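Numbering (our numbering), first residue to last: 3 to 308.
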């Protein structure tokens with residue numbers, strides 16, 4: 003339930019790529035003293051994905067809107083999604099009328115669209131936070147009404163854009179500041195070994211998961227530690243596969259971790275999709291990477307991110 007004390011409303015999708023930078027913004031507003039009282043910030047998102055869990059772990063409250071993302075094709079499910087957007091818009095309008103926030107931060111995704119349109123209706127200032135090199139459909143729409151568009155890559159064509167970079171979570175910044183790589187490698191037991199971390203986002207990447215599992219069978223005889231973060235969508239299938247060390251190869255399969263800082267920062271190599279948050283965190287931690295862009299990402303944004 004949104005509080006009357008809410009001053010900042012942050013709206014985004016349910017995936018980690020939207021929610022992690024959103025939480026980073028929220029924490030920074032408190033750490034910099036912009037917000038001081040409890041419940042001055044509220045998140046709005048989707049019940050799908052890991053978003054709600056990440057927000058709650060960070061100590062914030064979150065409301066969910068009905069519906070799901072709208073695809074760019076005509077299907078019965080898409081018609082239902084469009085109808086659901088109207089319900090989401092009315093619920094977002096109710097929250098805005100109740101809390102009267104001073105600003106709405108739009109991260110992307112259908113929850114952002116509903117909140118952004120409702121905010122426009124009630125003259126609430128809007129800030130678009132675009133993480134990708136190619137803006138998503140929601141942010142393209144809302145940016146026309148927004149006071150400012152904070153972008154992470156040069157050349158992103160949004161109205162009123164300012165190059166800010168992608169917000170980084172405090173765990174990443176602390177890892178860098180404390181120079182935690184050596185200690186983390188010791189804790190993981192990978193000193194003297196090559197550590198490879200593989201992940202495909204919070205949902206996972208099926209083809210990448212299949213390839214990594216097959217490759218792990220071929221690296222026998224090499225002192226390699228593999229940390230394979232499968233993702234929530236593929237976990238029911240891959241968790242049934244046998245996890246075992248093959249020769250000198252240590253293979254560890256994990257469903258998902260909301261905080262991958264240690265597994266990225268301690269690695270000698272990261273293999274991942276090219277979501278904006280993943281690219282930003284890998285770059286900040288200075289770890290060599292092989293990026294495998296999602297082939298059908300909207301606007302081919304993952305290839306542009308890479």
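Glycine included, each C-beta is placed from N, C-alpha and C at the ideal position. Quick caveat, the model's predicted, so the values are computed rather than measured.
Could you check the C-alpha separation between residue i and residue j for me, to the nearest Å?
i           : j           : result
residue 32  : residue 106 : 16 angstroms
residue 22  : residue 113 : 15 angstroms
residue 92  : residue 120 : 8 angstroms
residue 143 : residue 162 : 13 angstroms
residue 266 : residue 236 : 21 angstroms
residue 304 : residue 132 : 13 angstroms
residue 85  : residue 48  : 16 angstroms
Is it true that the CB of residue j sits closer than 8 angstroms to the CB of residue i?
i           : j           : result
residue 276 : residue 293 : yes
residue 160 : residue 141 : yes
residue 95  : residue 44  : no
residue 7   : residue 39  : yes
residue 15  : residue 110 : yes
residue 271 : residue 177 : no
residue 148 : residue 164 : no
residue 136 : residue 302 : yes
residue 1   : residue 273 : Limits of the chain in this structure are 3 at one end and 308 at the other, which puts residue 1 out of reach.
Could you pull out every residue in the same chain whose Cβ sits closer than 6 angstroms to the Cβ of residue i, ignoring the five residues on either side in sequence?
i           : result
residue 282 : 168
residue 187 : 193, 268
residue 24  : 12, 14, 109
Identify every residue that forms a DSSP beta bridge with residue i.
i           : result
residue 132 : 153
residue 229 : 199, 254
residue 107 : 12, 129
residue 220 : For residue 220, which the question treats as bridged, DSSP gives no partner whatsoever.
Leaving out five residues on either side along the sequence, give the residues of the same chain with a beta carbon under 8 angstroms from the beta carbon of residue i.
i           : result
residue 224 : 196, 249, 250, 251
residue 104 : 9, 10, 126, 127
residue 308 : 276, 281, 293, 295
Let me know the secondary structure DSSP gives residue i once reduced to three states.
i           : result
residue 25  : helix
residue 45  : strand
residue 13  : strand
residue 165 : strand
residue 3   : coil
residue 294 : coil
residue 65  : strand
residue 204 : coil
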